[in-house]
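Peer 1:
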Amino acid sequence: MALDLLRDLRAGVALSDYTTWRVGGRAESFAEPDQQALLLELVAEARRRGLPLQLIGAGSNLLISDAGLPGLVICTRRLQGAQLEPGDGLVEAQAGEPIPTLARRAARAGLAGLEWSVGIPGTVGGAVVMNAGAQGGCVADCLRDVTVVDPATGRTAVLSNGDLAFAYRHSRLQEEPLVVLSARFQLQPGQNPDAVSARTSSNLHSRTSTQPYQLPSCGSVFRNPEPQKAGRLIEGLGLKGHRIGGAEVSTLHANFIVNTGAARADDMAALIHHVQDRVEEAHGIRLHPEVMRLGRFGTGS
Ligand SMILES: Cc1cc2nc3c(=O)[nH]c(=O)nc-3n(C[C@H](O)[C@H](O)[C@H](O)COP(=O)(O)OP(=O)(O)OC[C@H]3O[C@@H](n4cnc5c(N)ncnc54)[C@H](O)[C@@H]3O)c2cc1C
5 MALDLLRDLR
15 AGVALSDYTT
25 WRVGGRAESF
35 AEPDQQALLL
45 ELVAEARRRG
55 LPLQLIGAGS
65 NLLISDAGLP
75 GLVICTRRLQ
85 GAQLEPGDGL
95 VEAQAGEPIP
105 TLARRAARAG
115 LAGLEWSVGI
125 PGTVGGAVVM
135 NAGAQGGCVA
145 DCLRDVTVVD
155 PATGRTAVLS
165 NGDLAFAYRH
175 SRLQEEPLVV
185 LSARFQLQPG
195 QNPDAVSART
205 SSNLHSRTST
215 QPYQLPSCGS
225 VFRNPEPQKA
235 GRLIEGLGLK
245 GHRIGGAEVS
255 TLHANFIVNT
265 GAARADDMAA
275 LIHHVQDRVE
285 EAHGIRLHPE
295 VMRLGRFGTG
305 S
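In terms of the numbering used here, the sequence shown opens at residue 5 and continues consecutively.
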């Protein structure tokens with residue numbers, strides 16, 4: 005295993021290649037394990053060496069600083085695989101399984117309950133941490149339990165849905181640095197595969213026609229200050245198309261910020277800050293980012 009670890013660890017990897025915004029500096033040390041045993045060994049190695057540890061999935065909800073990240077960054081996107089039980093609707097997926105792939109497979113197996121998730125370009129692990137959701141559904145509605153490892157002790161545990169303190173785009177895992185290894189979903193068995201697949205495709209179509217899927221983004225940047233919609237507040241202030249450096253408030257959907265080509269993380273952070281200030285001045289509401297920020301940023305951004 006020691007040899008495998010050495011083979012797997014890489015220094016100075018550009019994290020911009022691992023985020024959908026295409027920004028972010030370098031990881032001091034980086035690994036992309038393709039087996040759970042290797043992931044566990046890497047987590048143990050970080051503990052032994054006292055390295056800061058950062059898990060990332062598909063990087064579709066991350067703003068990583070231009071200065072990069074110290075310690076060990078582990079990306080789970082090669083940890084794929086899922087087992088579906090069409091009989092009882094139980095689906096077990098590895099942390100790095102892409103959520104859209106899982107949604108398609110479930111639909112083909114006549115399992116309903118993940119149709120909402122097909123347009124979310126994240127992994128199962130990231131979706132659980134974020135309680136990802138769309139079009140009226142979210143992870144909390146169909147997650148049965150997750151298997152996690154505590155990097156501080158190396159102990160694994162199974163946490164049930166009720167243990168995870170799910171709320172709008174929130175789970176307990178955002179405060180506790182547990183590593184998600186796999187998740188089990190309880191779906192509805194015995195559905196017509198064509199009907200579930202049609203609903204899944206229709207959900208994807210309605211999103212790709214109203215959101216800027218062609219440009220690098222991280223999806224919605226701000227949480228909706230319910231009952232208000234962040235996108236409407238931003239659009240109402242004429243901020244669509246507003247740019248800082250290579251970062252631009254999408255002209256298609258105002259709650260998206262896109263990378264027009266050569267944006268840096270600092271551009272993204274500055275534009276987020278600008279939008280927050282403008283909305284607060286006009287409406288007295290401070291928008292809270294949904295996107296997770298990793299690493300060090302300058303003051304004021
Ligand atoms: C075009 C586009 C559309 C989007 N639409 C939606 C939407 O409709 N709804 C929605 O909710 N989100 C949406 N998002 C945001 C994003 O896809 C989700 O938040 C997704 O769940 C993030 O998953 P990820 O694997 O990319 O996680 P990452 O962005 O890599 O990580 C997110 C958080 O999870 C943690 N994490 C990831 N994997 C693990 C693991 N195995 N163990 C422990 N922690 C882990 C990371 O440390 C980080 O804190 C969209 C993004 C894009 C680019």
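A virtual CB, placed ideally from N, CA and C, is assigned to each residue, including glycine.
(1) Given R227, which residues of its chain have a CB within under 8 Å of its CB, disregarding the five upstream and five downstream residues?
(2) What distance in whole Å lies between the Cβ atoms of P125 and T24, which are believed to be in contact at a cut-off of 8 Å?
(3) Could you tell me if the beta carbon of C146 falls within a distance shorter than 7 Å of some heavy atom in ligand 1?
(4) Out of curiosity, what's the CA-to-CA distance linking G240 and G250?
(5) Locate the alpha helix (DSSP H) running through R2, then write down its first and last residues.
(6) Ligand 1 heavy atoms versus the CB of P125: any closer than 7 Å?
(7) Let me know if N207 comes out buried or exposed under the rule of 16 or more other beta-carbons within 10 Å of its beta-carbon.
(8) Specify, as a first and last residue, the run of the beta strand (DSSP E) that N207 falls within.
(9) Hey, D12 and A31 are a contact pair by Cβ (cut 8 Å); roughly how many whole angstroms apart?
(10) Tell me the DSSP secondary structure of V27 in three-state form.
(11) Alpha carbon to alpha carbon, how far is A161 from G85?
(12) Kindly examine ligand 1 and report whether one of its heavy atoms sits closer than 7 Å to the Cβ of N65.
(13) Below 8 Å between beta carbons: does that hold for R188 and D149?
(14) Where G166 and R247 are concerned, what is the direct C-alpha to C-alpha distance, given to the nearest angstrom?
(15) What's the C-alpha gap between G194 and A110?
(16) Of the residues P216, W120 and L42, which one's Cα is nearest the Cα of R108?
(17) Would you report the Cα separation of E96 and G29, rounded to the nearest angstrom?
(18) What's the gap between the Cα of A116 and the Cα of Y217?
(19) On the premise that S186 lies in contact with P151, defined as a C-beta separation below 8 Å, what is that separation, rounded to the nearest angstrom?
(20) What is the rounded straight-line gap between the Cα of D38 and the Cα of T80?
(21) For R26, is the beta carbon positioned less than 7 Å from some heavy atom of ligand 1?
(22) Mapping the DSSP letters down to three states, classify R282 as helix, strand or coil.
(23) Have a look at I238 and S213 and give me their C-alpha separation to the nearest angstrom.
(24) Is the Cβ-Cβ distance between V153 and V47 less than 8 Å?
(25) Would you call A156 buried or exposed, if buried means 16 or more other Cβ atoms sit within 10 Å of its Cβ?
(26) State the beta-bridge partners of M296 as determined by DSSP.
(27) In angstroms with no decimal places, state the Cα-to-Cα distance between L43 and K244.
(28) To the nearest angstrom, how far is the alpha carbon of P220 from that of F260?
(29) Is it the case that the Cβ atoms of L118 and L19 are separated by a distance below 8 Å?
(30) Using DSSP bridges, identify the partner residues of R52.
(31) For V225, is the beta carbon positioned less than 7 Å from some heavy atom of ligand 1?
Peer 2: Well, looking at it:
(1) Same-chain partners within the cutoff: Y172, R173, A234, L291, H292, P293 and E294.
(2) That belief holds up - the Cβ atoms of T24 and P125 are roughly 6 Å apart, short of 8 Å.
(3) No - ligand 1 has no heavy atom lying nearer than 7 Å to the Cβ of C146.
(4) Cα-Cα distance, rounded: 22 Å.
(5) Look at the range of the chain in this structure, 5 to 305, and you will see that residue 2 is not part of it.
(6) Yes, ligand 1 has a heavy atom inside 7 Å of this Cβ.
(7) Counting Cβ neighbours within 10 Å, N207 comes out buried, since at least 16 surround it.
(8) Premise fails: N207 lies in the alpha helix (DSSP H), P197 to T212, not in any beta strand (DSSP E).
(9) The pair is not a contact, with the Cβ atoms about 13 Å apart (cut-off 8 Å).
(10) Residue state, collapsed to three classes: coil.
(11) Roughly 20 Å separates the two Cα atoms.
(12) Look at N65: its beta carbon is less than 7 Å from one of the heavy atoms in ligand 1.
(13) Yes. Within cutoff.
(14) So the two alpha carbons sit approximately 42 Å from each other.
(15) Rounded to the nearest angstrom, the two C-alpha atoms are 11 Å apart.
(16) Just measuring C-alpha positions, the residue of P216, W120 and L42 sitting nearest R108 is W120.
(17) Near 34 Å, if we compare the C-alpha coordinates of G29 and E96.
(18) For the pair A116 and Y217, the Cα-to-Cα distance works out to about 25 Å.
(19) A small correction: the amino acid at residue 151 is Thr; Pro does not occupy that position in the sequence shown. S186 and T151 do touch by the CB rule: their CB atoms are close to 5 Å apart, below 8 Å.
(20) Cα to Cα, D38 sits roughly 8 Å from T80.
(21) Answer for R26: no, Cβ out of range of ligand 1.
(22) In this structure, R282 counts as helix in the three-state DSSP scheme.
(23) Each residue's Cα considered, the two are about 20 Å apart.
(24) Yes.
(25) Taking a 10 Å sphere around the C-beta of A156, we find fewer than 16 other C-beta atoms and assign the residue as exposed.
(26) Residue pairing from DSSP places M296 in a beta bridge opposite L66.
(27) When rounded, the separation of the alpha-carbon atoms in L43 and K244 is 42 Å.
(28) Cα to Cα, P220 sits roughly 10 Å from F260.
(29) If you check the CB distance, L118 and L19 do not come in under 8 Å.
(30) For R52, which the question treats as bridged, DSSP gives no partner whatsoever.
(31) Answer for V225: no, Cβ out of range of ligand 1.
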